[in-house]
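Student: In this note's numbering, the protein residues as written are 8 to 81.
Questions regarding the structure given below will be posed in turn.
Below, the structure written as structure tokens:
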């Protein structure tokens with residue numbers, strides 16, 4: 008399996024270290040997988056659509072924001 012390295016702010020890293028029981032690589036892997044699934048759905052929807060790329064980008068942003076807000080309510 009390929010490895011991905013990412014940079015995070017120091018304060019976020021400190022918070023992550025407080026929860027060493029969490030498998031952070033799994034959290035990131037799941038997040039990436041969910042994002043890819045969302046993108047694939049969008050690709051299928053837009054393949055037959057007359058929407059422009061700008062329209063798609065705006066819809067994607069709205070969907071992501073809605074999901075983010077919904078998850079933050081929990």
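Cβ atoms here follow ideal geometry from the backbone N, Cα and C, with glycine treated the same way.
(1) Hey, residue 49 and residue 27: beta-carbon distance below 8 Å or not?
(2) Based on Cα-Cα distance, which residue from 17, 64, 56, 45 lies nearest to residue 74?
(3) Ordered along the chain, which non-local residues of its own chain (more than five positions away) have a Cβ less than 7 Å from that of residue 23?
(4) Candidates 36, 55, 25: which alpha carbon is nearest residue 9's?
Tutor: With the given structure in hand:
(1) Not a contact, by the Cβ cut-off of 8 Å.
(2) When each option's Cα is compared against that of residue 74, the closest is 45.
(3) 31.
(4) Considering only alpha carbons, the answer is 36.
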